[in-house]
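A short write-up of the structure that comes next.
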Amino acid sequence: MRAKYVMSEVFLGLWRNISMTVAMIITMAVSLTMLGAALLLYNQVDVIEEYYQTNLEVVIYLDRDVSEEMTTQIDSELKSHPLVEQVQFESQDQAWERFQETFEESPDLVASVDAEVLPPAFRIKMKDIDDAEELIGEFADREGVYQATNQKEILQQVFDILGGAQRLTLIIALVQGVAALMLVANTIQVAAYSRRREVAIMKLVGAPNWFVQAPFVMEAVFAGVIGALFAFGTLVAAKIFVIDGQFQNLFSLMPPVEWNSVLLLLPILAAIAAVISAVTAWITLRFNIRV
Amino acid sequence: MPRYATHVLEPLERAGPQAARLRLVIQLEGVTKHYPRSNRPSVEDINVYIDKGEFVFFIGPTGAGKSTIIKLLLREEVPDKGKIRVAEKDVAKLRRWKVPAYRRTIGCVFQDFRLLPNRTAAENVAFALEVIGKPRSVARRVVPEVLELVGLGGKEHRYPHELSGGEQQRVAVARAFVNRPLMLLADEPTGNLDPDTSIEIMRLLDRISRTGTTIVMVTHDSNIVNQMRRRVIEIENGQIVRDQARGVYG
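Heads up: the sequence lines are chains A and B, in that order.
With the numbering used here applied, the first sequence corresponds to residues 3 to 293, in that order.
With the numbering used here applied, the second sequence corresponds to residues 3 to 252, in that order.
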């Protein structure tokens with residue numbers, strides 16, 4: 003019975019103040035979307051790092067006119083090197099095949115590149131990719147070596163971009179979050195004012211404090227959870243239309259954003275929204291409804 | 003300041019200690035309350051003992067501190083000094099979360115009725131039961147009874163704006179009394195009513211007092227005080243200047 007009363011008061015309160023409710027839900031949704039995106043990016047950096055940690059290679063490109071002798075010598079040196087796990091030689095022909103494969107969808111690019119341009123290379127799998135610099139230092143200036151590269155360095159740029167995007171989304175989430183919480187506080191104040199008669203009588207006749215506060219806290223929690231649902235919907239849409247849709251090619255270079263990690267956001271965002279809204283509402287009430 | 007203390011008999015002297023403890027409902031001892039940003043205390047060193055079933059008027063000019071006493075008894079305010087005991091409970095030391103349970107032992111009526119405009123008379127009374135967790139079946143049984151008691155039988159489904167001032171105040175009294183409180187506090191309950199209606203409300207309060215409910219009423223209405231001939235406590239500048247068993251307005 004009392005639960006029914008609380009619920010009807012909650013919806014009445016949200017409806018009475020509908021414009022504020024909508025504003026509160028929208029800002030909450032934007033903030034939580036950004037927070038969700040930040041969490042996904044954070045997770046993605048981890049996934050990428052793990053993925054490449056085992057696949058990252060040091061590539062030593064040889065001069066195009068390197069002698070067979072030199073190639074064999076470097077090969078055997080690499081194979082007996084303590085930091086090296088595995089060595090694979092890639093001839094100019096093999097490199098050309100790979101190039102064609104990689105850029106299968108851009109025939110213009112393939113056509114414009116001469117098979118001769120691609121250097122032969124050693125693709126080296128390290129025991130620990132973090133030792134790459136040491137190996138590169140040893141071989142970079144060798145005769146017959148054109149260039150030694152560490153894929154991790156290239157990847158670092160990707161990480162920097164992801165990190166930057168993550169910081170940006172977190173900042174937006176924070177700013178929007180502050181706005182959302184101020185709207186929650188404001189909504190609660192308006193609701194407390196419009197229900198001041200009921201509240202005064204409830205306190206007078208000795209309704210328990212939790213009962214007096216429940217409709218207000220529930221209002222905030224309700225708005226927060228609805229905001230979280232919208233945020234989740236936005237993220238799912240982003241996964242379907244952006245990550246798997248429009249930018250599929252871009253994302254095919256790195257491990258995919260898993261559905262699991264997207265779905266996991268629903269309970270996380272809903273819980274965060276509910277708890278923060280409830281606490282904000284409760285603090286607001288402490289200042290507005292004194293016993 | 004002259005003192006006509008004809009009644010200040012401490013209850014302990016009237017009966018044995020055991021009986022006194024059972025009868026004593028309200029006990030104010032050396033109660034002082036200052037409000038911030040006011041250089042004069044609102045009440046100062048108030049000593050009052052009120053027995054179960056007593057009917058007490060607090061009278062005095064505006065700003066004398068009468069309403070402060072109501073606020074202190076309701077525990078909307080806490081005294082700076084002194085002791086307030088209601089039915090053996092130290093009101094000033096009540097924990098915040100225990101205040102609601104304490105307030106359930108008090109009924110309250112005000113000059114402005116304080117009814118919910120969007121609820122009928124019966125719903126207004128039932129509200130007081132609902133919000134303290136009484137089942138609806140209790141409300142269904144008790145609400146018509148108490149509305150009958152206050153003389154509103156047949157008007158249960160009227161909204162406050164469909165009732166006269168006196169009838170609205172009856173609804174408020176019904177709401178205050180529906181939980182069978184230990185005491186009923188009335189802050190100028192006849193302040194908005196004409197003399198005849200005021201008398202009717204006083205008859206109602208008198209009837210309630212006869213059920214053993216202690217009634218503390220703050221008023222300006224000299225007519226009523228003179229007609230009722232009940233205990234009168236006069237306050238001036240925050241101090242008791244008179245406490246008389248069957249007093250008049252003065």
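We put the beta carbon where it would ideally sit given N, CA and C, even for glycine.
Original post:
With a Cβ-Cβ cutoff of 8 Å, do A:L58 and A:K154 count as a contact?
Top reply: Taking the first residue of the first sequence as 1, we reach residue 58 of chain A at position 56. Taking the first residue of the first sequence as 1, we reach residue 154 of chain A at position 152. Yes, Cβ-Cβ distance for A:L58 and A:K154 is below 8 Å.
Original post:
Using a C-beta to C-beta distance shorter than 9 Å, which residues of chain B count as neighbours of A:I203?
Top reply: Looking up residue 203 of chain A in the first sequence gives position 201. Those are R116, L117, L118, N126, F129, A130, V133, R177, listed as they occur along chain B.
Original post:
Closer than 8 Å, CB to CB, is A:A216 near chain E or not?
Top reply: In summary, chain E is missing from the structure at hand, where the protein chains are A and B.
Original post:
Do the CB positions of B:I228 and B:P197 come within less than 8 Å of each other?
Top reply: Your numbering for residue 228 of chain B matches position 226 in the second sequence. Your numbering for residue 197 of chain B matches position 195 in the second sequence. Reading off the sequence, residue 228 of chain B comes out as Asn, not Ile. It is not a contact, given that the beta carbons lie outside the stated cut-off.
Subject >> Proximity below 8 Å, CB of B:L117 to CB of B:A174 >> reply: Residue numbering aside, residue 117 of chain B sits at position 115 when the second sequence is read from its first letter. Residue numbering aside, residue 174 of chain B sits at position 172 when the second sequence is read from its first letter. Judged by beta-carbon spacing, B:A174 lies within the 8 Å limit of B:L117, meaning their Cβ atoms are closer than that value.
Original post:
Taking Cβ-Cβ distances shorter than 8 Å, what residues in chain A pair up with B:R248?
Top reply: Your numbering for residue 248 of chain B matches position 246 in the second sequence. Result: empty, since nearest Cβ-Cβ is about 31 Å, beyond 8 Å.
Original post:
Counting along the chain, where does the beta strand (DSSP E) carrying A:F243 start and finish?
Top reply: In the first sequence, counting from the first residue as 1, residue 243 of chain A sits at position 241. From DSSP, A:F243 is part of no beta strand (DSSP E); its letter is neither H nor E.
Original post:
With which residues is B:F59 paired in a DSSP beta bridge?
Top reply: For the purposes of this step, residue 59 of chain B is identified with residue 57 of the second sequence, where counting begins at 1. Its beta-bridge partners are B:M219, B:V234.
Subject >> Start-to-end residues for the beta strand (DSSP E) that takes in B:E90 >> reply: In the second sequence, residue 90 of chain B corresponds to position 88, counting from 1. B:E90 -> no beta strand (DSSP E), and no H or E assigned at all.
**OP:** Can you give me, in chain order, the residues of the segment 138-165 of chain B that have a beta carbon less than 8 Å from any beta carbon in chain A?
**Re:** For the segment 138-165 of chain B, the beta-carbon criterion of a distance under 8 Å to any beta-carbon of chain A is satisfied by R138.
Original post:
Helix or strand or just coil, what does DSSP make of B:T8?
Top reply: By one-based count along the second sequence, residue 8 of chain B stands at place 6. Unreliable placement is indicated for B:T8, whose pLDDT of 45 sits below 50; the coordinate value is still reported in the next sentence. The answer is coil: DSSP assigns B:T8 none of H, G, I, E or B.
Subject >> Distance CB(A:V12)-CB(A:E200) smaller than 8 Å >> reply: Within the first sequence, residue 12 of chain A is the residue found at index 10, counting from 1. Within the first sequence, residue 200 of chain A is the residue found at index 198, counting from 1. No. Outside cutoff.
Original post:
Under 8 Å between the Cβ atoms of A:A182 and A:A40?
Top reply: Working through the first sequence from its first residue, we reach residue 182 of chain A at position 180. Working through the first sequence from its first residue, we reach residue 40 of chain A at position 38. Taking 8 Å as the Cβ cut-off, A:A182 and A:A40 do not qualify as a contacting pair.
Subject >> Partner residues on chain A for B:R105, Cβ-Cβ distance less than 8 Å >> reply: Counting from one through the second sequence, the residue named residue 105 of chain B turns up at place 103. Against B:R105, the close residues of chain A are K205, L206, V207, G208, in the order they occur along the chain (beta-carbon pairs closer than 8 Å).
**OP:** For B:G168, collect the residues of the same chain with a Cβ closer than 7 Å to its Cβ; drop the 5 residues on either side in sequence, then sort them by chain order.
**Re:** Sequence index remark: in the second sequence, residue 168 of chain B carries index 166 (1-based). Around B:G168: L195, T199, E202, I203.
Subject >> 8 Å CB neighbourhood of A:E92 in its chain, flanking five on each side removed >> reply: On the first sequence, position 90 is the one that residue 92 of chain A refers to. So the list reads R100, P122, A123, F124, R125, once near-sequence residues are dropped.
Subject >> Helix, strand or coil at A:Y44 according to DSSP, with G and I counted as helix >> reply: Here the question's residue 44 of chain A lines up with position 42 in the first sequence. When DSSP states are grouped into helix, strand and coil, A:Y44 belongs to the helix group.
**OP:** List the endpoints of the continuous alpha helix (DSSP H) containing A:L64.
**Re:** On the first sequence, residue 64 of chain A is found 62 positions in, with the first residue counted as 1. First-last for A:L64: 59-64, but that is the beta strand (DSSP E), not the alpha helix (DSSP H).
Original post:
Hey, quick one: how far does the alpha helix (DSSP H) through A:Y148 stretch, first residue to last?
Top reply: Walking along the first sequence from the start, residue 148 of chain A turns up at place 146. Counting along the chain, A:Y148 falls outside any alpha helix (DSSP H), though it belongs to the beta strand (DSSP E) covering 147-152.
Subject >> Simplified DSSP assignment, three categories, for B:A17 >> reply: For the purposes of this step, residue 17 of chain B is taken as residue 15 along the second sequence, with counting starting at 1. Interpretation of B:A17 is limited by its pLDDT of 46, a score under 50 that renders its predicted location unreliable; the figure taken from the coordinates is listed afterwards. The answer is coil: DSSP assigns B:A17 none of H, G, I, E or B.
**OP:** Go ahead and pull the three-state DSSP assignment for A:F91.
**Re:** The residue labelled residue 91 of chain A in the question sits at position 89 within the first sequence. Note: A:F91 maps to strand in three-state DSSP.
Original post:
Can you give the Cα-Cα distance for A:S279 and A:I228, rounded to whole angstroms?
Top reply: As a first step, residue 279 of chain A must be located in the first sequence, where it is residue number 277. As a first step, residue 228 of chain A must be located in the first sequence, where it is residue number 226. Computed Cα separation, rounded: 11 Å.
Subject >> CB-CB length for A:L137 against A:V60, believed under 8 Å >> reply: To locate residue 137 of chain A, count along the first sequence from 1; it is residue 135. To locate residue 60 of chain A, count along the first sequence from 1; it is residue 58. Indeed, because the Cβ distance is near 6 Å, the residues count as touching under 8 Å.
**OP:** Name the one or two DSSP bridge partners that B:V50 has.
**Re:** Here residue 50 of chain B is taken as the residue at index 48 of the second sequence, counted from 1. B:L30, per the DSSP bridge assignment.
Original post:
Measuring CA to CA, which of B:N181, B:R97, B:V133 is closest to B:V80?
Top reply: Counted from its first residue, the second sequence places residue 80 of chain B at position 78. Minimum Cα distance to B:V80 is reached at B:R97.
Original post:
A:D48: buried (16+ other C-beta within 10 angstroms of its C-beta) or exposed?
Top reply: Numbered from its first residue, the first sequence carries residue 48 of chain A at position 46. A:D48 should be labelled exposed.
**OP:** Return the CA-CA distance between A:W212 and A:A276, expressed in angstroms with no decimal places.
**Re:** On the first sequence, residue 212 of chain A is found 210 positions in, with the first residue counted as 1. On the first sequence, residue 276 of chain A is found 274 positions in, with the first residue counted as 1. Each residue's Cα considered, the two are about 17 Å apart.
Subject >> B:E56 burial status per 10 Å Cβ neighbour count (16 or more: buried) >> reply: Position 54 of the second sequence, counted from the start, is the residue given in the question as residue 56 of chain B. With a threshold of 16 other beta carbon atoms within 10 Å, B:E56 meets it and is buried.
Original post:
Touching or not, the segment 142-159 of chain B and the segment 86-100 of chain B, by the rule of three or more beta carbon pairs under 8 Å?
Top reply: Under the Cβ criterion (8 Å, minimum of three pairs), the segment 142-159 of chain B does not count as touching the segment 86-100 of chain B.
**OP:** Could you please give me the residues that DSSP links to B:K83 through a beta bridge?
**Re:** Within the second sequence, numbered from 1, the residue matching residue 83 of chain B stands at position 81. B:K83 pairs with B:T34.
Subject >> Three-state secondary structure (DSSP) of A:I138 >> reply: For the purposes of this step, residue 138 of chain A is taken as residue 136 along the first sequence, with counting starting at 1. It is helical.
Subject >> Contact set between B:P102 and chain A, taken where Cβ atoms lie within less than 7 Å >> reply: In the second sequence, residue 102 of chain B corresponds to position 100, counting from 1. Simply G208, A209, P210, N211.
Subject >> Between the CA atoms of B:L75 and A:A206 - distance to the nearest angstrom >> reply: The residue given as residue 206 of chain A occupies position 204 in the first sequence. The residue given as residue 75 of chain B occupies position 73 in the second sequence. Note that residue 206 of chain A corresponds to Leu in the displayed sequence, not to Ala. Cα to Cα, the separation comes out at about 12 Å.
Original post:
Among B:L131, B:I210, B:E90, B:Y161, which one has its Cα closest to the Cα of B:P119?
Top reply: Walking along the second sequence from the start, residue 119 of chain B turns up at place 117. It is B:Y161.
Original post:
With a CB to CB cut of under 6 Å and the five nearest residues on each side skipped, what residues in its chain are close to A:T151?
Top reply: Here the question's residue 151 of chain A lines up with position 149 in the first sequence. Result list for A:T151: V61, in chain order.
Original post:
Which residue's Cα is closest to the Cα of A:M30: A:R288, A:T282, A:N290?
Top reply: Position 28 of the first sequence, counted from the first residue, corresponds to residue 30 of chain A. Of the candidates A:R288, A:T282, A:N290, the one whose C-alpha sits nearest the C-alpha of A:M30 is A:T282.
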